[in-house]
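Here the structure comes first, spelled out in structure tokens, and everything after it is commentary.
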Amino acid sequence: MAEEIINRIAQSNLMVFDLEELWPVGGLQVFALSPLATDGLFREKAVRQSLDDMDLSAYAGQVVCIEGAQDYIVPQWLWPMLSHALAHAR
Numbered sequence: 011m012a013e014e015i016i017n018r019i020a021q022s023n024l025m026v027f028d029l030e031e032l033w034p035v036g037g038l039q040v041f042a043l044s045p046l047a048t049d050g051l052f053r054e055k056a057v058r059q060s061l062d063d064m065d066l067s068a069y070a071g072q073v074v075c076i077e078g079a080q081d082y083i084v085p086q087w088l089w090p091m092l093s094h095a096l097a098h099a100r
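Following this line, the structure appears as structure tokens:
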């Protein structure tokens with residue numbers, strides 16, 4: 011005997027989100043890692059100085075895509091430093 015197929019997903023209390031509504035209006039701002047690397051290496055002191063000298067106001071309140079066009083070895087300390095600088099950009 012064939013039993014009736016019940017769609018339990020449609021009957022559940024799941025919330026449906028339209029991802030296009032959540033996408034930011036301004037789109038993505040691209041941040042390139044290459045200006046922070048000297049001779050293909052990320053040196054903490056030089057990166058700190060570069061981030062202090064950069065005008066990061068274009069990234070204020072934006073969704074940022076971090077782009078690495080080269081094959082860099084990215085140290086673990088770079089991500090928190092970069093995200094902090096971009097989050098506090100004005």
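Here the sequence shown is numbered in the working numbering, starting from 11 and rising by one per residue. For every residue, glycine included, the Cβ atom is placed at its ideal position computed from N, Cα and C. Just so we're clear, the structure is a prediction, and the values are computed from it rather than from any experiment.
Only residues of its own chain outside the window of five on either side were considered, and among them Val40, Phe41, Ala42, Leu43 have a CB closer than 8 Å to the CB of Glu77, listed in chain order. Leu24 sits in coil when the DSSP states are folded into three classes, being neither helix nor strand.
Under a 10 Å Cβ-count criterion, Val73 is classified as exposed, with fewer than 16 other Cβ atoms of the shown protein chains found around its own Cβ. Per DSSP, Val40 lies in no alpha helix (DSSP H); the unbroken beta strand (DSSP E) holding it starts and ends at 38-42.
Following the DSSP letters along the chain, one finds Glu77 inside the beta strand (DSSP E) bounded by residues 73-77.
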